[in-house]
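Report on one structure; see the data block that follows.
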Amino acid sequence: MTNRARGLLLTLLTVAAGPRDLSARGAALTRYEYAEPHMGTRFRIVFYAPDKTAADQAARAAFERIEALNHIMSDYLSTSELERLSRASGGGPVKVSEDLFRVLAAAQEIARRSSGAFDITVGPVVLLWRRARRQHELPDHESLAKALEKVGYLNLVLDPNARTARLLKPGMQLDLGAVGKGYADDEALKVLARFGIRRALVAGGGDIAVADPPPGRKWWRIAIEPLDSSTNAAARFVLLRRAAISTSGDSEQHAEIAGVRYSHVVDPRTGLALTGRRSVTVVARRGTLSDGLATAASVLGPEKGLKLIKNTPGAGVFYAEERSSGVSTYEYRFPPFVLVQPSGPIGLRTTSRKRSAARTP
Ligand code: ADP
Ligand code: MG
1184 MTNRARGLLL
1194 TLLTVAAGPR
1204 DLSARGAALT
1214 RYEYAEPHMG
1224 TRFRIVFYAP
1234 DKTAADQAAR
1244 AAFERIEALN
1254 HIMSDYLSTS
1264 ELERLSRASG
1274 GGPVKVSEDL
1284 FRVLAAAQEI
1294 ARRSSGAFDI
1304 TVGPVVLLWR
1314 RARRQHELPD
1324 HESLAKALEK
1334 VGYLNLVLDP
1344 NARTARLLKP
1354 GMQLDLGAVG
1364 KGYADDEALK
1374 VLARFGIRRA
1384 LVAGGGDIAV
1394 ADPPPGRKWW
1404 RIAIEPLDSS
1414 TNAAARFVLL
1424 RRAAISTSGD
1434 SEQHAEIAGV
1444 RYSHVVDPRT
1454 GLALTGRRSV
1464 TVVARRGTLS
1474 DGLATAASVL
1484 GPEKGLKLIK
1494 NTPGAGVFYA
1504 EERSSGVSTY
1514 EYRFPPFVLV
1524 QPSGPIGLRT
1534 TSRKRSAART
1544 P
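Here the sequence shown is numbered in our numbering, starting from 1184 and rising by one per residue.
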């Protein structure tokens, strides 16, 4: 999975040691924070727990779950379940794990609702653009046309009763890069909940899912990085609880070829990488959804993208796009946010952008 930390920043919620309060059984809660590289990006887990032993154990289990999901969903590991499924394309239905089925089903729903602007069968085209970015040379017309023949979400057929997936055309290649981290965030929160930890946040790069807020607070506070982070634009902080937020943009992953900036997000209907600068932040009830919808809205553009979000219960969007006249922004049902000037109140600190600590290409 190609995934970079980008777009969203976690704010340090409190000064110094952080607030302490009492758990249900009366034990004091302390803030714990962990980070590990997974899925080609940095995963951060922040939560409040009664003691370090319990915290370490829960964090370990959550990271193990994320790594197990990587072995299911990665398109970089030839042994992953996803890769095995892709290799079976053109054949009959393949029985898949519950996790894979759930992600595939969620992805197909977003594909359908975005009329194919979001499409996890886009793999063959993505591979061409990955090479193009490395070699600074555009894919040739013929290769793109050939790759496009294998793309189309209607060629991925799911059967919920048998829990199978079937790829109708040979040479198809699935790519969960645009939903996998969101799903991993959701699942990691579930693991923490099984350990009784509910005041928790899991961030896979720019995809963040939160459960209950920190003790004594109503919200988790998440910063959205401005489209042009070199400017002194005021930071926007989104206030969230029991929700997820994702940004799709190209601030860390793009290539300039012959003076044009090409994103790692492609339009599956044309086979072309997106050009121009935009940053699309989506809030939704689950990470799988916020992650997928942010990518979908990027491809759809502001008008259709906002419409897609409007038709999604509980979802909101903040869309920033660079035009010749400057940055245009659009938003819909965005959650409460606060603007903080660069010289904001003392005690509030934001972390700097977290680039991936290690990549697993
Ligand atoms: P990131 O992975 O940087 O968080 P996204 O969530 O937008 O960003 O996912 C981008 C990745 O999704 C690409 O690197 C590629 O693997 C895949 N992808 C690109 N275009 C599409 C698309 N139109 N639909 C679904 N997946 C896509
Ligand atoms: Mg996404």
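Glycine included, every Cβ here is placed at the ideal spot set by N, Cα and C. Values in this document were obtained by computation on a predicted structure and should not be read as measured data.
Identify whether Gly1488 lies in helix, strand or coil by the three-state DSSP scheme.
Looking at Gly1488 - three-state DSSP - the assignment turns out to be helix.
Can you check DSSP and say which residues form a bridge with Phe1301?
Answer is none; Phe1301 lacks a bridge partner.
May I ask you to list the residues that DSSP assigns as paired with Pro1220?
Arg1225
In whole angstroms, give me the CA-to-CA distance for Lys1537 and Asp1234.
Note that Lys1537 has pLDDT 34, beneath the 50 cutoff, so the model's placement of it is unreliable and the number below is only indicative. For the pair Lys1537 and Asp1234, the Cα-to-Cα distance works out to about 27 Å.
Cβ-Cβ distance between Arg1461 and Ser1429 below 8 Å
Not a contact, by the Cβ cut-off of 8 Å.
Leaving aside the five residues before and after Ala1238 along the sequence, list all residues of the same chain whose C-beta is less than 6 Å from its C-beta, in chain order.
Tyr1215 and Ala1232
I want to know whether the region 1269-1288 touches the region 1350-1359 - three or more CB-CB distances under 8 Å.
yes
Any Cβ of chain C within less than 8 Å of the Cβ of Gln1318?
No chain C appears in this structure, which consists of one protein chain only.
If we count the other Cβ atoms within 10 Å of its Cβ and call it buried at 16 or more, is Asp1342 buried or exposed?
Under this definition Asp1342 is an exposed residue.
Can you tell which of Gly1387, Leu1321, Leu1265 and Ala1498 has the C-alpha that lies nearest to the C-alpha of Ala1438?
Leu1321
Cutoff 6 Å; reference Ala1330; Cβ partners in own chain excluding five residues on either side
Pro1307, Val1308 and Leu1311
In this structure, does DSSP put Thr1236 in helix, strand or coil?
DSSP places Thr1236 in helix when its eight states are reduced to three.
Could you tell me if the beta carbon of Phe1301 falls within a distance shorter than 7 Å of some heavy atom in the ligand ADP?
Result yes, Cβ under 7 Å from the ligand ADP.
Could you check the C-alpha separation between Gly1291 and Ser1297 for me, to the nearest Å?
In the sequence as presented, Gly is not what sits at residue 1291; that position holds Gln. Cα to Cα, the separation comes out at about 10 Å.
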